[in-house]
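**Q** For the sequence shown, our numbering assigns the number 62 to the initial residue and increments by one for each residue that follows.
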Amino acid sequence: DHRPRVLSGIQPTADSFHLGNYLGAVRNWVAMQETADAFYCVVDLHAITMGHDPVALRNRTRLSVAQLLALGLDPERCTLFVQSHVPEHAQLAWVLSCITGFGEAGRMVQFKDKSAKQGSDTTSVGLFTYPILQAADILLYQADAVPVGEDQRQHLELTRDLAQRFNTRFGQTFTVPAAYIVRDTAKITDLQEPTSKMSKSASSPNGILELLEEPARSAKKIKSAVTDTGREILYDEENKPGISNLLTMYAALTQRTIDELLEEYDGRGYGDLKKDLAEVFVEFVKPVQERTRTYLEDPGYLDKVLAVGADKARAVSAVTLANAYQHLGF
Ligand code: ADP
Ligand code: NA
62 DHRPRVLSGI
72 QPTADSFHLG
82 NYLGAVRNWV
92 AMQETADAFY
102 CVVDLHAITM
112 GHDPVALRNR
122 TRLSVAQLLA
132 LGLDPERCTL
142 FVQSHVPEHA
152 QLAWVLSCIT
162 GFGEAGRMVQ
172 FKDKSAKQGS
182 DTTSVGLFTY
192 PILQAADILL
202 YQADAVPVGE
212 DQRQHLELTR
222 DLAQRFNTRF
232 GQTFTVPAAY
242 IVRDTAKITD
252 LQEPTSKMSK
262 SASSPNGILE
272 LLEEPARSAK
282 KIKSAVTDTG
292 REILYDEENK
302 PGISNLLTMY
312 AALTQRTIDE
322 LLEEYDGRGY
332 GDLKKDLAEV
342 FVEFVKPVQE
352 RTRTYLEDPG
362 YLDKVLAVGA
372 DKARAVSAVT
382 LANAYQHLGF
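(1) Could you give the residue range of the beta strand (DSSP E) that holds residue 101?
(2) For residue 212, verify whether its CB is less than 7 angstroms away from any heavy atom of ligand 1.
(3) Report buried or exposed for residue 155, applying the criterion of at least 16 other Cβ atoms within 10 angstroms of its Cβ.
(4) As a quick exercise: from 164, 311, 315 and 258, pick the residue whose alpha carbon is nearest that of residue 219.
(5) Classify residue 320: buried if its beta carbon has 16 or more other beta carbons within 10 angstroms, exposed otherwise.
(6) Within this structure, are the beta carbons of residue 223 and residue 153 separated by less than 8 angstroms?
(7) In its own chain, which residues sit with a C-beta less than 7 angstroms from the C-beta of residue 104, not counting the 5 before and 5 after it?
(8) Is there contact here, the stretch 340-359 with the stretch 126-134, by at least three beta-carbon pairs under 8 angstroms?
(9) Using 8 angstroms for Cβ pairs, my map puts residue 345 next to residue 314. What's the rounded Cβ distance?
(10) Is the separation between the beta-carbon of residue 269 and that of residue 289 shorter than 8 angstroms?
(11) Could you tell me the boundaries of the beta strand (DSSP E) in which residue 66 lies?
(12) Within 7 angstroms: the Cβ of residue 349 and any heavy atom of ligand 1?
(13) Please indicate yes or no: does the CB of residue 86 lie closer than 7 angstroms to some heavy atom of ligand 1?
(14) Under a Cβ-count criterion, where at least 16 other Cβ atoms within 10 Å of its own Cβ denotes burial, should residue 94 be classed as buried or exposed?
(15) With the cut-off set at 8 angstroms, would you say residue 234 and residue 63 are in Cβ contact?
(16) Which one of 240, 378 and 262 has the shortest CA to CA distance from residue 146?
(17) If you compare alpha carbons, which of 77, 135 and 82 is closest to residue 118?
(18) Measuring alpha carbon to alpha carbon, tell me which of 363, 324 and 384 ends up nearest residue 293.
(19) With residue 140 and residue 373 assumed to form a contact (beta carbons below 8 angstroms), what rounded beta-carbon distance in angstroms separates them?
(20) Residue 239 bridges to which residues according to DSSP?
(21) For residue 318, which of helix, strand or coil comes out of DSSP?
(22) Answer with buried or exposed for residue 258, where buried requires no fewer than 16 other C-beta atoms within 10 angstroms of its C-beta.
(23) Rounded to the nearest angstrom, how far is the Cβ of residue 249 from that of residue 85, given a contact under 8 angstroms?
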């Protein structure tokens, strides 16, 4: 296979993905099945860094896999697996943690944000080392590119630094990966707080568009999205972040450009735009929900997909880990 290798992951930390996950990441994953040798994982080891319920985790991992299939991942054209099924992730994470500076890890903005909300007594060491595990996820597969949203840029930079550092100290072992961030949809924002990203863990219920929620509920949320007091539909992230976010989602879901939409909505009000976007979103999620249900009704099929995926993943990750161990003197 001479195509570039890609790897990306998503956390099973909620029952449903949100529209930011789809537009910022999963949509590109689907496209890259054709052009790349693609590895995609549900990162359940990452999902225990902030406390979790085991029953919910098991359920959410399966829900995540079903949603990925429903959104267009095809196990015949990519490698789809669950992180905890492949022990090399945790093994390489330990090695990488030993070449990561304590201060270097402490500069990760996501850690600072999440730990500030939790307080230092409840913040786990695992939340602190999370980006190192993420580096292991990527480097094990010798990924050339990592399709992610804007929130992952700093973690990708750390991954690149660790790959280069290991290679320099111990000999050529890892491909240095590039972030693949599609600018237009890299940061879908919260409907109620349009300067913050839409997030599984941080958004309020009305700020997040969940792919698996009742579509009528999503439509309501879109119609009550926060916008500015002006009237004109303009794309201006600084001064009109709410309207700009709605335009971004609308354009991405309809494969149109923002300019085309601006022309169409010239002289019309926010209400029209919201009503139309609500319709487009509902039409998008209905078949996704239908397909997700179908996959969930066939646990044997999901098990088979994941068993095949874990085997394909291990065939690559075990080779990389053995090579790293060799270089380390193990
Ligand atoms: P979350 O932050 O919602 O828990 P994950 O950490 O599981 O999501 O991230 C899965 C993928 O979705 C990552 O590639 C991440 O960059 C992307 N992503 C998450 N939120 C957004 C968003 N609001 N806009 C664009 N991409 C996003
Ligand atoms: Na994230």
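Built from N, CA and C at the ideal position, the CB exists for glycine as well. No experiment lies behind these values; they were computed from the predicted model shown.
**A** For this structure:
(1) 98-103
(2) Flag set: Cβ of residue 212 near ligand 1.
(3) exposed
(4) With distances taken between Cα atoms, residue 219 lies closest to 164.
(5) Answer is exposed; the Cβ neighbour count stays below 16.
(6) No, the pair does not count as a contact, with Cβ atoms beyond the cut-off.
(7) The beta carbon of residue 104 lies closer than 7 angstroms to those of 70, 71, 72, 144 and 198 in the same chain, with the five residues before and after it left out.
(8) yes
(9) 6 angstroms
(10) no
(11) Going by DSSP, residue 66 is part of the beta strand (DSSP E) stretching over 66-71.
(12) Between ligand 1 and residue 349, a heavy atom-to-CB distance of less than 7 angstroms is absent.
(13) Residue 86: yes, Cβ under 7 angstroms from ligand 1.
(14) buried
(15) no
(16) The option with the nearest alpha carbon to residue 146 is 378.
(17) 77
(18) The residue among 363, 324 and 384 with its C-alpha nearest the C-alpha of residue 293 is 324.
(19) 4 angstroms
(20) 206
(21) coil
(22) buried
(23) 6 angstroms
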